[in-house]
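Everything on this sheet refers to the single structure shown next.
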Amino acid sequence: MTQSPVRTEVLAALSDARLTVPEPDGGGPMAQFRRSVSRFSNGDRHAARRDEAVRALRPVDTGALRAAVRARLAAAPGHTDLMPALRTVPVAVLAEALGVPAGRSAEVAGLVAVIAPAYPPGAPPAATAAADDAVPELERLLGARTATLGCLLVQACEATAGLIAACLVLRTTPEEALRLDPPVRATARLTPDGTRVVLDLAAAGLPFGAGRRPCPGEEIALALAAGAAEALADRPVLDVAYGPDGPLRVPARLVIAQGRGRNIVGGHDDRCGTRQAG
2 MTQSPVRTEV
12 LAALSDARLT
22 VPEPDGGGPM
32 AQFRRSVSRF
42 SNGDRHAARR
52 DEAVRALRPV
62 DTGALRAAVR
72 ARLAAAPGHT
82 DLMPALRTVP
92 VAVLAEALGV
102 PAGRSAEVAG
112 LVAVIAPAYP
122 PGAPPAATAA
132 ADDAVPELER
142 LLGARTATLG
152 CLLVQACEAT
162 AGLIAACLVL
172 RTTPEEALRL
182 DPPVRATARL
192 TPDGTRVVLD
202 LAAAGLPFGA
212 GRRPCPGEEI
222 ALALAAGAAE
232 ALADRPVLDV
242 AYGPDGPLRV
252 PARLVIAQGR
262 GRNIVGGHDD
272 RCGTRQAG
């Protein structure tokens, strides 16, 4: 099968050792958190930090993740915004699988949901200010594992919520939702002369990246999304609204019905997000 020119170009860029990720600047707890994680590191620091993340994920049972998310979301209330639950329930389940005590997982997930909007470069000042308050609390709960676990949980938060939302709106599986409307749209690299290059992961069909820095949590994300989609498969989507375009595509609001039925928005004939709800 012939690859598209966009896919070929993006794969080449993701595999190019000369290209680096933009490293965070600025002060405050959120900036320091970014500097401590693999996502915003290069070279040997990135390799070491990514290895720690891979080791942390290795014992995780994806089948157990899927079942736990399915059980916790099965009784989700209708006629209310579901996005807070989609941002926190999968994160809490993953946190417990990574060793966070069950009694602390909800608090950890709530803090992660505050930090995640400030994680990408160029986050709004209000989001960064809220994250500056949340990061020390997350450090209190996770201790020496904050960089490794925090990175995994924060990166799972928005992207997984967006993938679950796409499954519900399109009434399809995570794999098909990734093909039709992936939540991770783009990533950036810097050339040796400092030029910023934006790579269109969505157009390239590479929702988990590739090359030198593939996402280590692909199977985790698919399991979490599958469990949520199974729990809510028969619950119609009544309303969905997206915010401004950016590197992530995640609803600002998603409302589902209390009982079974057909979607009022979305479905395969109305691609996720082509309709903006008020």
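FYI, in the working numbering the residues of the sequence shown are 2 to 279. Here a beta-carbon is modelled for each residue, glycine too, at the ideal position from N, C-alpha and C. As the structure is a computational prediction, the values presented were derived from the model and not from experiment.
Where residue i sits in the DSSP three-state scheme
i: residue 101; result: coil
i: residue 199; result: strand
i: residue 192; result: coil
i: residue 86; result: helix
i: residue 2; result: Interpretation of residue 2 is limited by its pLDDT of 45, a score under 50 that renders its predicted location unreliable; the figure taken from the coordinates is listed afterwards. Of the three classes helix, strand and coil, the one that applies to residue 2 here is coil, per DSSP.
i: residue 63; result: helix
i: residue 21; result: strand
i: residue 270; result: A caution first: residue 270 carries a pLDDT of 37, below 50, which makes its placement in the model unreliable, though a value can still be read off. Coil.
i: residue 10; result: helix
i: residue 278; result: With a pLDDT of 33 at residue 278, under the threshold of 50, the predicted position of this residue should be treated as unreliable, and no value is reported.
Presumed contact (8 Å Cβ cut-off) between residue i and residue j, rounded CB distance
i: residue 135; j: residue 99; result: About 18 Å separates the two Cβ atoms, so there is no contact after all.
i: residue 168; j: residue 160; result: With a Cβ gap of about 13 Å, residue 168 and residue 160 do not count as contacting.
i: residue 147; j: residue 153; result: The Cβ separation is near 11 Å, so there is no contact.
i: residue 58; j: residue 217; result: 6 Å
i: residue 131; j: residue 119; result: 7 Å
i: residue 133; j: residue 31; result: 5 Å
i: residue 261; j: residue 235; result: 4 Å
i: residue 1; j: residue 11; result: Outside the displayed span of the chain (2 to 279) sits residue 1, for which this structure offers no information.
i: residue 54; j: residue 149; result: 6 Å
i: residue 77; j: residue 190; result: About 38 Å separates the two Cβ atoms, so there is no contact after all.
i: residue 124; j: residue 89; result: No, residue 124 and residue 89 are not in contact; Cβ-Cβ is about 19 Å, not under 8 Å.
Residues sharing a beta bridge with residue i, DSSP
i: residue 92; result: In DSSP, residue 92 forms no bridge with anything.
i: residue 325; result: Residue 325 lies beyond the residue range present for the chain, which begins at 2 and ends at 279; the question has no answer from this structure.
i: residue 287; result: Only positions 2 to 279 of the chain appear in the structure, and residue 287 is not among them; the question remains open.
The ligand FMN heavy atom lying under 6 Å from the CB of residue i
i: residue 169; result: With respect to the ligand FMN, the structure offers nothing, as it holds no ligand at all.
Cutoff 7 Å: residue i Cβ touching any chain C Cβ
i: residue 219; result: Looking for chain C here will not work: only one protein chain is present.
### Message
Below 8 Å, how does it come out for the region 37 to 47 and the region 196 to 207: are there three or more Cβ pairs, yes or no?
### Response
Two segments are said to touch when three or more pairs of C-beta atoms, one from each, lie closer than 8 Å; by this definition the region 37 to 47 does not touch the region 196 to 207.
### Query
What runs of the alpha helix (DSSP H), each 4 residues or longer, lie entirely inside the region 104 to 137?
Counting whole runs of 4 or more residues, the region 104 to 137 contains no alpha helix (DSSP H) stretch at all.
### Message
I want to know whether the region 178 to 190 touches the region 237 to 250 - three or more CB-CB distances under 8 Å.
### Response
yes
### Query
Touching or not, the region 218 to 236 and the region 8 to 24, by the rule of three or more beta carbon pairs under 8 Å?
No: the two stretches stay apart, fewer than three of their Cβ pairs being nearer than 8 Å.
### Task
Kindly confirm or deny that the region 254 to 261 and the region 92 to 106 touch, where touching means at least three C-beta pairs closer than 8 Å.
no
### Query
Does the pairing of the region 224 to 238 with the region 65 to 72 give three or more beta-carbon distances under 8 Å?
yes
### Task
For the region 28 to 61, list the beta strand (DSSP E) runs that are entirely contained and at least 3 residues long, ordered along the chain.
Positions of the beta strand (DSSP E) runs, each at least 3 residues long and wholly inside the region 28 to 61, cannot be given because no such run exists.
#### Entry: Ranges of the alpha helix (DSSP H) found wholly within the region 156 to 183, counting only runs of at least 4
175 to 181
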